[in-house]
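These notes are about the structure you will find just below.
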Amino acid sequence: ALALSVQSKAHKQSLLDFIPMKHLRQPSYPCPTYEHVREDENREFYKKFDGDNEKWYNHLRQPSYPCPTYEHVREDENREFYKKFDGENEKWYNVLEKHTGIIPVDRHAISMLHGIHDEILHGQPQPDWINEAHDGITVIEWIREAHRRLALSKFNSPTKARLTAGVLLNDWIEALIGIAHHTLDTRRAIFSSVGTNLLLAMRYAMGIADDELPGPGSLLLLELRTPNGQNRVVELFTRNSTGQLFQRRLPTCEHRCPMDKFLTELRPMRLTVEDLDMVREGLHDRITTTKT
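The numbering of the sequence shown is my numbering, which starts it at 141 and goes up by one.
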């Protein structure tokens, strides 16, 4: 079987894997001398590495890769949601301004404030106000829920999901086709390490998203199988941050989805790098969805 997987390994996973500060013999401080030596000795390596991998940066870092079309679509589709969200949470904005000194606290500040959650996972001490309750909800509970709702709103439509996950999804499909038709060397597994945002976008693009955020160590897995030696099927799995694996299926296909049907269902969500460049330039009418 061929396994294709995409895994969330952003900074949150690093925090979970790191030794809690209370177990360290000395605090972890930055070392300017080391940073200078590292940058100096690795300058040529970094230059070559960045040049070789620019294409991958562009789509694996979605949605941070600049895409005015995506920004326009998101603002347009989320206009009413943002208006309602801001109106409902003005009180919380004021509470956080008082405690954090951030002026103003708004939707855009919540991602930064969610870093408090990461610090808690890392065992770092926190001020008492994060457990301050308003209407039965603590500050940290509100931050987590607000962050979840805003994160989902970035990708929760076919257009937003395609613009952020379409290129990586296309790479996966091309790998499946290549191995199935023997135009690509058979491999046991192909891995892509991405951030939580792109993992969430991939789930929406494939129609398997729920209301939860992928936690540290989450996984999206495709398996290409030939159970009877002839007919190819694709199986789809997700793993949450507890390590538990769940089998998923496309909305209109069974768990063992025939490969041809799998490709047909996902065809509208695929984008090549060239497609994405045209989208960024506003040339939407030149993009086709008639891929294999």
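Yeah, the Cβ is synthetic: ideal placement off N, Cα and C, and Gly gets one too.
Here DSSP, grouped into helix, strand and coil, assigns residue 293 to helix.
For residue 215, the secondary structure class from DSSP, reduced to helix, strand or coil, is helix.
The C-alpha of residue 291 is placed about 11 Å away from the C-alpha of residue 354.
Going by DSSP, residue 336 is part of the alpha helix (DSSP H) stretching over 336 to 345. With 16 or more neighbouring CB atoms inside 10 Å of its own CB, residue 358 falls in the buried class. With contact defined as three or more Cβ pairs closer than 8 Å, the region 411 to 422 and the region 301 to 313 are in contact. By the neighbour-count criterion, in which 16 or more other beta carbons inside 10 Å mark a residue as buried, residue 214 falls on the buried side. Here the region 299 to 308 makes contact with the region 341 to 348; the two share three or more CB pairs at distances below 8 Å.
Within the region 370 to 404, the complete beta strand (DSSP E) segments at least 3 residues long are 373 to 379, 385 to 388, listed from N- to C-terminus. Taking all protein chains shown into account, residue 379 has 16 or more neighbouring C-beta atoms within 10 Å of its C-beta and is therefore buried.
Residue 410: not part of any beta strand (DSSP E); DSSP gives it neither H nor E. With contacts defined by Cβ atoms closer than 8 Å, residue 247 and residue 221 do not form a contacting pair.
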